[in-house]
Amino acid sequence: MNKPVYIKGSAICCPEPLALLDAYQLSSLPVDKTLIPSTLRRRTSLATRIAITAAHSACLQAAADATTLPSVFASLGGEIQVTDALCRLLPTDEALSPTQFHNSVHNTTAGYWGILNHCQAPVTAIAAVDDTFAMGLLEAWAQLQLTNENVLLVCYDEEWPQYLAPPIGQLAFACALVLSTNPSKARAMITKPKTEVVECAFDPAWTTLAAAAPAAAAIPLLRALQQTPGNIQVPLNSQKAIWFSHCEIFKHD
Amino acid sequence: MKLFSAMQAVAITGYSTVNACGLGNQALLAALQINRTALAPLQLFELPFTTFVGEIREPLPEISSELSLYRSRNARVALAALNGPDDSLRSAVENAKARYGADRIGVVIGTSTSGLYETETAYAMLLQQDRMPDDFLFLTRHAYQATARFLQLELGLTGPCYAISTACSSSAKALATGQRLINSGICDAVLTGGADTLCRLTLRGFKSLELISAQRCQPMDKNRSGINIGEASALILLEQAAEQSKPFPQLLSVGESSDAHHMSSPHPDGLGAVLAMKQALQLARLKATSIDYLNLHATATPINDQVESLAVHRVLGSRVPCSGTKGITGHTLGAAGALETIIALLALKYQFIPGTAGLDHQANECPCHIVKNPLPNQLLNIAMSNSFGFGGNNASVIVAAPS
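Listed in order, the protein sequences are those of chains H and P. When you line the first sequence up against the working numbering, it's residues 8 to 260, in that order. When you line the second sequence up against the working numbering, it's residues 241 to 643, in that order.
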């Protein structure tokens with residue numbers, strides 16, 4: 008089974024200025040606070056806000072209907088700040104906040120995305136340390152082969168307390184892709200992600216960034232989408248057992 | 241919503257669990273056959289309130305020194321399930337490895353807690369001394385993928401490896417992913433299932449939502465007053481269906497949906513639950529009348545049980561015998577979907593319908609056909625298991641006896 012998978016929309020939301028994005032001529036969105044109604048907004052984390060900003064923009068670009076779109080949310084730590092705040096209360100007898108508790112689950116962002124878009128389509132939330140983006144793309148690819156014509160993939164992590172797993176979590180980064188088996192208005196086509204043994208040197212600016220913000224593993228693919236038409240092999244992670252996808256960039260409109 | 245095409249069945253060539261009933265499938269079977277609860281007061285750590293839990297009291301195996309970075313209660317519970325009393329699941333994985341190659345076997349494990357239990361202890365030191373203990377290892381113990389990665393390394397597998405974490409539907413969703421990875425040709429076999437362990441954050445968190453019962457839980461009962469949390473690992477090996485897999489039961493489908501309603505309360509009309517069950521039937525090309533037994537999510541909170549029974553009644557009518565087994569094992573959260581899929585597999589294998597431990601008087605507002613005491617000597621071919629989680633994340637699993 009090997010249906011072609013097309014990329015129809017992409018977006019990045021990185022609240023801090025990032026030299027690598029400038030160097031690669033990638034634009035990043037500011038956090039769009041208007042996407043979440045004020046009643047829910049005060050409950051949501053930075054992780055959720057950046058993920059939803061990127062997801063919304065990618066859907067607009069792809070003209071995808073977010074009310075029916077299945078989605079994959081991939082994040083190493085998910086709601087790490089909420090979890091940290093709760094863990095700090097545990098040595099005390101203080102009662103936990105019920106809202107904080109239900110907002111500490113890994114699929115919190117996925118849940119809010121569904122609520123905001125009134126979307127009852129399946130949504131999954133995955134995690135895979137350095138391979139989080141690669142496994143997210145693989146999960147989306149498998150869904151597209153079988154049951155779904157379109158899938159939203161969102162990969163994100165917020166800033167982390169630096170006593171947990173430095174350098175991970177030094178900066179918040181989210182990106183989103185709308186993937187489809189329908190080639191109409193596609194920007195690129197990608198092949199099945201797979202591991203390959205290759206001798207190649209990666210830009211150390213990217214590998215350093217991906218070590219601090221695992222979702223930034225998506226940057227080579229996002230960068231490829233900006234490039235001139237042609238074929239390009241893109242890494243999906245920067246650690247050992249490198250996952251790759253081959254990407255054919257189409258002519259820009 | 242776009243209606244899905246059918247899904248190819250995959251073979252279940254091994255499964256194994258450890259939970260409050262003990263180590264291995266037979267310990268669980270023995271408890272199910274006589275409706276014996278394993279719920280008891282918590283011993284593992286102190287809590288500022290009383291409740292009952294499904295705590296594993298078996299001695300847990302040690303993590304090997306080569307993999308000591310991964311040592312956590314969650315990984316040890318998963319290792320206990322993998323080893324079981326007789327290594328049969330481990331042998332099934334070894335056979336699959338010999339047949340397909342290590343790179344063709346994925347590991348996808350559902351969890352909500354991962355190694356949070358160890359992190360909680362580390363935070364006690366952080367608050368006192370402003371630093372984490374020297375042996376604190378977030379990525380290999382607490383990160384969601386830690387237990388999946390541990391199992392992958394323990395078994396020498398090299399295929400795709402990740403965690404699914406969608407709260408209480410996590411391990412049911414892991415089964416969905418396993419089936420997809422096989423049917424899309426990415427893997428030939430996938431070790432799926434879940435592992436979740438008791439910890440302070442989940443117990444005190446559910447308490448803050450006023451969802452914890454101080455007594456043994458009573459699923460679907462008119463006096464039900466909330467959840468008992470449990471811990472478990474339930475591991476299930478999926479392989480592509482082939483001639484040699486005929487003696488094995490099958491995973492037919494997993495229906496998935498979202499409530500799009502609220503983070504911790506189900507949709508009042510059970511719309512998401514209805515959608516998940518319907519989608520599971522559709523993917524398996526089955527009519528509602530084909531389901532011989534349904535293992536309910538039945539957490540024993542007033543709202544969850546009511547909404548689930550309304551949804552079940554709408555999709556399956558009042559004929560299908562249903563039971564909720566969390567009065568035996570506790571609610572094992574991220575492991576519940578896989579644990580209750582194993583309960584469904586045991587029901588098919590031993591041709592009985594489990595009962596609903598804790599149920600005395602069925603609530604009027606829960607109108608489905610709920611089995612109170614286990615029924616032996618049944619003719620069962622196809623069973624369904626429901627799992628619904630925070631974030632309105634729903635999954636319904638359908639399994640079949642060997643054809």
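Glycine residues also receive a C-beta, built at the ideal position from the N, C-alpha and C atoms. Values in this document were obtained by computation on a predicted structure and should not be read as measured data.
Other residues of its chain near residue i: CB distance less than 8 Å, five sequence neighbours each side excluded
{"i": "V136/H", "result": "L83, P221"}
{"i": "L243/P", "result": "For L243/P, the predicted model reports a pLDDT of 44, less than 50, meaning its position is unreliable and no value from the coordinates is stated."}
{"i": "L36/H", "result": "A18, I19, C20, T60, A61, S64"}
{"i": "K527/P", "result": "L521"}
{"i": "T283/H", "result": "Chain H is shown from 8 up to 260; residue 283/H falls before or after that span and cannot be answered."}
Residues that residue i contacts on chain H, provided the C-beta gap is smaller than 7 Å
{"i": "I593/P", "result": "Here the premise fails: no neighbours, minimum Cβ distance about 29 Å."}
{"i": "P400/P", "result": "M142, L145"}
{"i": "F378/P", "result": "L171, A172"}
{"i": "V496/P", "result": "Residue identity check: residue 496/P is Glu in the sequence provided, not Val. Correct list: P129."}
CA-to-CA distance, residue j to residue i, given in whole angstroms
{"i": "M241/P", "j": "L76/H", "result": "Residue confidence is low: M241/P scores 40 on pLDDT, short of 50, so the model does not pin down where it sits. No coordinate-derived value is stated."}
{"i": "K15/H", "j": "S504/P", "result": "33 Å"}
{"i": "I158/H", "j": "L186/H", "result": "The question names Ile, yet the displayed sequence has Val at residue 158/H. If you take the alpha carbons of V158/H and L186/H, they lie about 5 Å apart."}
{"i": "F257/H", "j": "A149/H", "result": "23 Å"}
{"i": "T596/P", "j": "I610/P", "result": "8 Å"}
{"i": "L492/P", "j": "S625/P", "result": "12 Å"}
{"i": "A92/H", "j": "I452/P", "result": "22 Å"}
{"i": "I197/H", "j": "N189/H", "result": "13 Å"}
{"i": "T572/P", "j": "R440/P", "result": "14 Å"}
{"i": "V79/H", "j": "V250/P", "result": "23 Å"}
{"i": "N275/P", "j": "R297/P", "result": "19 Å"}
{"i": "K612/P", "j": "E203/H", "result": "54 Å"}
{"i": "D2/H", "j": "C401/P", "result": "It is not possible to answer for residue 2/H, since the shown part of chain H is limited to 8 through 260."}
{"i": "G510/P", "j": "T131/H", "result": "19 Å"}
Buried versus exposed call for residue i [16 or more other C-beta atoms within 10 Å across all chains shown]
{"i": "A208/H", "result": "exposed"}
{"i": "S304/P", "result": "exposed"}
{"i": "G143/H", "result": "buried"}
{"i": "N468/P", "result": "buried"}
{"i": "E334/P", "result": "exposed"}
{"i": "Q546/P", "result": "buried"}
{"i": "G399/P", "result": "buried"}
{"i": "L415/P", "result": "buried"}
{"i": "I568/P", "result": "buried"}
{"i": "A195/H", "result": "buried"}
{"i": "H259/H", "result": "exposed"}
{"i": "V258/P", "result": "buried"}
{"i": "K566/P", "result": "buried"}
{"i": "V644/P", "result": "What the structure shows of chain P is the stretch from 241 to 643, and residue 644/P is not part of that stretch, so it cannot be assessed."}
{"i": "F285/P", "result": "exposed"}
{"i": "I175/H", "result": "buried"}
{"i": "G237/H", "result": "exposed"}
{"i": "I543/P", "result": "exposed"}
Contacts around residue i, its chain only, beta-carbon distance under 6 Å, and the 5 residues preceding and following it disregarded
{"i": "H63/H", "result": "L42"}
{"i": "L421/P", "result": "G346, C427, V430"}
{"i": "T139/H", "result": "A81, L83, P221"}
{"i": "T74/H", "result": "N124, H125, C126"}
{"i": "G355/P", "result": "S312, N314, R381, H382, A386"}
Interface partners of residue i on chain H, CB under 8 Å
{"i": "P524/P", "result": "The question names Pro, but residue 524/P is Ala in the sequence shown. Going along chain H, no residue has its Cβ under 8 Å from A524/P, so there is no contact; the nearest lies around 13 Å."}
{"i": "P288/P", "result": "D100"}
{"i": "E360/P", "result": "C94, L97"}
{"i": "P501/P", "result": "For clarity, residue 501/P is His in the given sequence; the question names Pro instead. Near H501/P (Cβ distances below 8 Å), the residues of chain H are I122."}
{"i": "M247/P", "result": "L153, T154"}
Residues that residue i contacts on chain P, provided the C-beta gap is smaller than 7 Å
{"i": "V89/H", "result": "What V89/H touches in chain P: nothing, since even the nearest Cβ is about 11 Å away."}
{"i": "A2/H", "result": "There is no way to answer for residue 2/H, as the model of chain H reaches only from 8 to 260."}
{"i": "P221/H", "result": "Neighbours of P221/H on chain P: none; closest Cβ ~10 Å, over 7 Å."}
{"i": "L103/H", "result": "R444, G445, S448"}
{"i": "F108/H", "result": "G445, S448, L449"}
Cβ neighbours of residue i in the same chain (closer than 7 Å, five flanking residues each side left out)
{"i": "T406/P", "result": "K413, G629, G631, N633"}
{"i": "V241/H", "result": "P227, L228, A231, F251, S252, C254"}
{"i": "E508/P", "result": "The displayed chain sequence assigns Pro, not Glu, to residue 508/P. The residues are V547."}
Neighbouring residues, chain H, relative to residue i (Cβ below 9 Å)
{"i": "L511/P", "result": "Q127"}
{"i": "R700/P", "result": "A question about residue 700/P goes unanswered here, because the residues of chain P that appear run from 241 up to 643."}
Interface residues of chain P facing residue i [CB-CB closer than 8 Å]
{"i": "N114/H", "result": "S405, T406, A407, G629, F630, G631, N633"}
Next item on the list: Please determine if the segment 63-71 of chain H and the segment 10-30 of chain H are in contact, where contact requires at least 3 C-beta pairs separated by less than 8 Å.
Entry: Contact holds: three or more Cβ-Cβ distances are below 8 Å.
Check: Does the segment 555-573 of chain P come close enough to the segment 513-528 of chain P that 3 or more CB-CB pairs lie under 8 Å?
Finding: Verdict: yes, contact present.
Next item on the list: Would you be able to state if there are at least three C-beta pairs under 8 Å between the segment 262-278 of chain P and the segment 584-593 of chain P?
Entry: Touching, yes.
Margin query: Would the segment 276-292 of chain P count as touching the segment 454-473 of chain P if we require 3 or more Cβ pairs under 8 Å?
Written below: Enough Cβ pairs lie closer than 8 Å, so yes.
Note to self: Count Cβ pairs between the segment 315-325 of chain P and the segment 480-489 of chain P that sit closer than 8 Å; are there 3 or more?
What the structure shows: In short, these stretches do not touch, since the Cβ pair count stays below three.
Check: Are three or more beta carbon pairs between the segment 23-32 of chain H and the segment 48-55 of chain H nearer than 8 Å?
Finding: Too few Cβ pairs lie closer than 8 Å, so no.
Checklist line | Contact residues within the segment 533-549 of chain P, judged by C-beta distance below 9 Å to chain B | finding: Chain labels in this structure do not include chain B; the protein chains are H and P.
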